[in-house]
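For reference, the structure is listed below as structure tokens.
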Amino acid sequence: MSRRKQSTLWQRLSFVLSKEGIWKSPDQLIAVGGLMGVICVAHVYFLVVGTFVGEASAYYLYLVIAAIFFGLFSAGTLLRVLVLMNRKSINKKRKQEQTNRYTRQLEQGLHDE
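2 is the number that full-length UniProt numbering gives to position 2 of the sequence shown; each next residue is one higher, with no gaps.
What follows is the structure, encoded as structure tokens:
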């Protein structure tokens, strides 16, 4: 891979991970977090069922590590969604407050004349 293609790839990756990219959209984050949660649950299910059946012994360490990784990734992603939604509601309240303040100032200006 040439140097120019690598820099373009890194620019695209940095955009996806930046504030303007995928990590700013709560809908996409919910989809990613939900998918990781489903994968985590599948690993835990196979770990529990496979332990009783006796087939999970060879994959035991992998299943534990994968379940922990996907679980933490899912929790972190959904936590990021909560932060974004909270920030969105705070911004909405702030804009509403500014609009109300501006409306009151206009009304006072009209009544003073």
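Every residue, glycine too, gets a C-beta built ideally from N, C-alpha and C.
When DSSP states are grouped into helix, strand and coil, residue 76 belongs to the helix group. Take residue 43, set aside five residues on each side of it, and the residues of its chain with a beta-carbon closer than 6 Å to its own are 63, 66 and 67, in chain order. Your pair residue 37 and residue 81 does not check out as a contact, with CB atoms roughly 12 Å apart and the cut at 8 Å. Here residue 29 is not near residue 103, since their CB atoms are 8 Å or more apart.
Judged by their CB atoms, residue 70 and residue 39 are nearer to each other than the 8 Å cut-off.
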